[in-house]
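J.:
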Amino acid sequence: MSTPLDSTSLAQLFTEARTFSVWQDKPISDAQIERLYSLLKMGPTSANCCPARFVFVRSAEGKEKLKPCLSEGNVQKTMNAPVTAIVAYDNEFYEALPELFPHTDARSWFTGNPQLITETALRNSSLQAAYLILAARSMGLDTGPMSGFDATKLDAAFFAGTTWKSNLLVNIGYGDPGRLHDRLPRLDFERACRLA
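Mind the numbering: the sequence shown is residues 1 to 196 in full-length UniProt numbering, read in order.
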């Protein structure tokens with residue numbers, strides 16, 4: 001585990017990887033989705049809380065259910081993506097802590113503390129969304145993460161009667177490299193970082 005990745009691997013995960021909005025007409029199989037989850041679930045979360053929950057929307061019915069929840073600028077790319085992952089979090093994630101973090105009573109940290117529950121669930125499900133993106137890239141898939149949607153509508157459509165809440169969306173598929181925009185700039189080290 002201590003061997004640095006080579007430049008080809010780093011390019012696939014970071015330096016040459018891109019966010020896609022236009023997709024090739026190539027399906028994603030159940031086996032690929034299961035493999036994707038088997039990779040992303042291994043990323044760390046605080047107290048191994050694993051609050052993220054995923055809905056992989058790919059059927060015509062699922063897409064039509066999702067469509068009215070999307071901001072106008074996200075409709076076409078989402079309807080054309082082979083899969084759209086709804087990355088949600090479970091507000092009762094802590095109920096699984098006796099199984100996931102058994103060496104102490106971590107469940108008691110959250111019981112009756114809604115602010116801590118929401119902060120922990122949102123922060124760690126966001127981490128898990130990032131693991132999803134990196135896992136997809138490691139499998140040769142492309143992604144397009146988005147936050148342009150009506151969470152209230154989406155939660156009513158997909159999560160009514162549950163303790164799940166939406167966090168973000170990630171389109172997944174094989175991006176069309178001929179339809180990419182130029183890469184946007186990033187902040188350099190001096191503007192984004194401090195050494196303390």
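Where a beta carbon is used, it is the ideal one built from N, C-alpha and C, also for glycine. Predicted, not measured: the structure shown is a model, and the values here were computed from it.
(1) Please list the segments of the beta strand (DSSP E) lying wholly inside the UniProt domain "Nitroreductase" (24–174), counting only runs of 3 or more residues, in order along the chain.
(2) Applying the 10 Å Cβ sphere with the 16-neighbour rule, what's the burial state of C69?
(3) In three-state DSSP terms, what is T3?
(4) At the level of alpha carbons, what is the spacing between K41 and A121?
(5) Do P82 and G173 have their C-beta atoms within less than 8 angstroms of each other?
(6) Taking 8 angstroms as the threshold, find out whether the region 173–182 comes into contact with the region 109–118 through three or more Cβ pairs.
(7) Taking contact to mean 3 or more Cβ pairs, one atom from each stretch, closer than 8 angstroms, check whether the region 28–39 and the region 87–98 are in contact.
(8) According to the Cβ coordinates, are L5 and M139 closer than 8 angstroms?
(9) What does the alpha-carbon distance come out to for the pair T3 and L10?
T.: Let's see:
(1) 52–57, 83–90, 142–146, 164–173
(2) buried
(3) coil
(4) 15 angstroms
(5) yes
(6) no
(7) no
(8) no
(9) 13 angstroms
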